[in-house]
Amino acid sequence: MRKEVSGQPIQEQRSTKKCSKQETDYQIVENGLVGVGTFGKVYKGTYDEDEVAVKEIQMGRKVKLTDHQIREIQIHGLLPGHKNVASLLAVSIGKNLRMICNYIDGRSLDEIIFEEDEIPKILKIPAHEEPYVALQIAEGVAHLHDCGIIHRDLKPENVMVNTKRHAFICDLGTAKVEQHNNLSVIESMMKPGSPIFLAPECSVDGLDADYASDIWSLGCTLAELFAREEIWETEDIEFELKGHLKNRKEPDGLKDVREPFKTLVRKLLSYDPKNRITAFDAVTELQKTFDWKKYEQYKDLTSKPGFRKRRALSAPS
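114 is the number of the first residue of the sequence shown in the working numbering; add one for each residue after it.
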C-alpha cells in the first residue's frame, strides 16, 4: 500500500529552502551508492523492510526541481500501485529531496536488446520468454490508460527488466493526465515522445499525444523486443523518417518479428489511430500465445486470461 508523506503541495516545493524535513522510515545501506547522474545520486536502501532505491536530488539556491521531476511525483500520486509500473513509494524533503522507489535489480530493455554482449547472462531474455516480458509491458500500459494517464514516451529505454524477467514501465515525467478530478497536474511544455517511437499523427501532423499514440509506441517497443532490431533503419530523423511516416511505410524492424507476434504488432502500428487496438486488447492477445501451466514461474508477474475485467478505452476520435 502506498505510504502518504505529509508536507506542502508539490507545486510549492520548487525551492526546498522553506520546507521542513519530512521523516520517512527508510534507511540507506552501508556502501549503498549504486549510481551518479546529472540530477544527483541513487542509493540502495530499505523501506518498511523492503529493498528500495533512494534517488537523491541535490538542491540549493540555484538548483530547483524541474517540471519533469514535479510531474513525475504528482502523477505517481494519482496512480494505484501496479506490478508492471515502477512505483514512487515516498518522498523525503530535507536539505535535498529524496525519492524512495522500487529497487529494480536489472537493466533497461534497450540495454538488454542492443548491448547483449555487455550484460550478465542472468539478464538476457531468451526468445521463448519474450512474450512474458511483452505481456507485462502491455499490462503496465493498460493500467496507465485505465487510470486516465498517457505515458507519451514509451520506448525500450523506459522499460526496466530485472533478473526474474519482471518488467516495469518507468519515467512518467512527460506523462499526460487525460482525466482526473482530484488534482491539477502541472502541464509539461516538452514535446511528447522520442522521435523514433513517436506516432505519425504526432510527428507528421503535429497532434498531441493520446491513448492511440501510446499504442503506436507500444508497438515499436514490442517490435524491437521480438526482432532485436531497431524499429527504423535510419539516423535521419528530420527528413528520412518523416518521409517514411508520410508515405505510410511499414517500420523496418517489423520484418524480423515472428508470428503470431507480427500480426499483433501490426495491429498496434496501424497508421490510422482509430484502427489501433487498445492496450487491453494487446493483453488479451498476448495471453493466448503461451501455455500457462507450462510456465508457472510467471503466474505472479502477469494476469491469467479472464482475470482482467476492465473497460477498454477506445482511441479518442
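Every residue gets a Cβ at the ideal spot worked out from N, C-alpha and C, and that includes glycine.
Quantities reported herein were computed from a predicted structural model and do not represent experimental measurements.
- DSSP, read as helix, strand or coil, puts residue 166 in strand.
- Shortest Cα-Cα distance from residue 255 to any of 239, 240, 281 and 236 involves 281.
- DSSP places residue 185 within a helical segment (H, G or I) once states are collapsed to three.
- If you check the CB distance, residue 141 and residue 153 do not come in under 8 Å.
- Residue 138 places its beta carbon less than 8 Å from that of residue 161.
- The beta carbon of residue 316 is closer than 7 Å to those of 308, 355 and 358 in its chain, skipping five residues each way along the sequence.
- Within the region 326–385, complete alpha helix (DSSP H) segments of at least 4 residues are found at 355–359 and 374–381, given in chain order.
- Residue pairing for residue 140: DSSP places it in a beta bridge opposite 159.
- Considering only 363, 375, 284 and 374, the residue with the shortest C-alpha distance to residue 384 is 363.
- If only complete runs of 4 or more residues are kept, the region 172–256 shows the alpha helix (DSSP H) at 180–191 and 222–227, in order along the chain.
- In terms of Cβ geometry, residue 328 and residue 288 do not form a close pair [threshold 8 Å].
- Within the DSSP bridge table, the entry for residue 148 names 155 as partners.
- The beta carbons of residue 399 and residue 331 sit no closer together than 8 Å.
- In chain order, 339 place their CB closer than 6 Å to the CB of residue 374, counting only its own chain and leaving out the 5 sequence neighbours on each side.
- Secondary structure of residue 396 (DSSP, three-state): helix.
- With a 10 Å radius around the Cβ and a threshold of 16 neighbouring Cβ atoms, residue 361 comes out exposed.
- Pairwise C-beta distances place the region 270–280 in contact with the region 218–228, as three or more of them are shorter than 8 Å.
- The alpha-carbon of residue 238 is positioned some 30 Å away from that of residue 260.
- Secondary structure at residue 403: coil, using DSSP grouped into helix, strand and coil.
- Non-local C-beta neighbours of residue 166 in its own chain, meaning closer than 6 Å and more than five positions away in sequence, comprise 155, 214 and 216, ordered along the chain.
- Taking residue 223 as reference, the option from 283, 210 and 376 with the minimal CA-CA separation is 283.
- Listed in chain order, the non-local C-beta contacts of residue 235 below 7 Å within the same chain comprise 276, local neighbours out to five positions each way being set aside.
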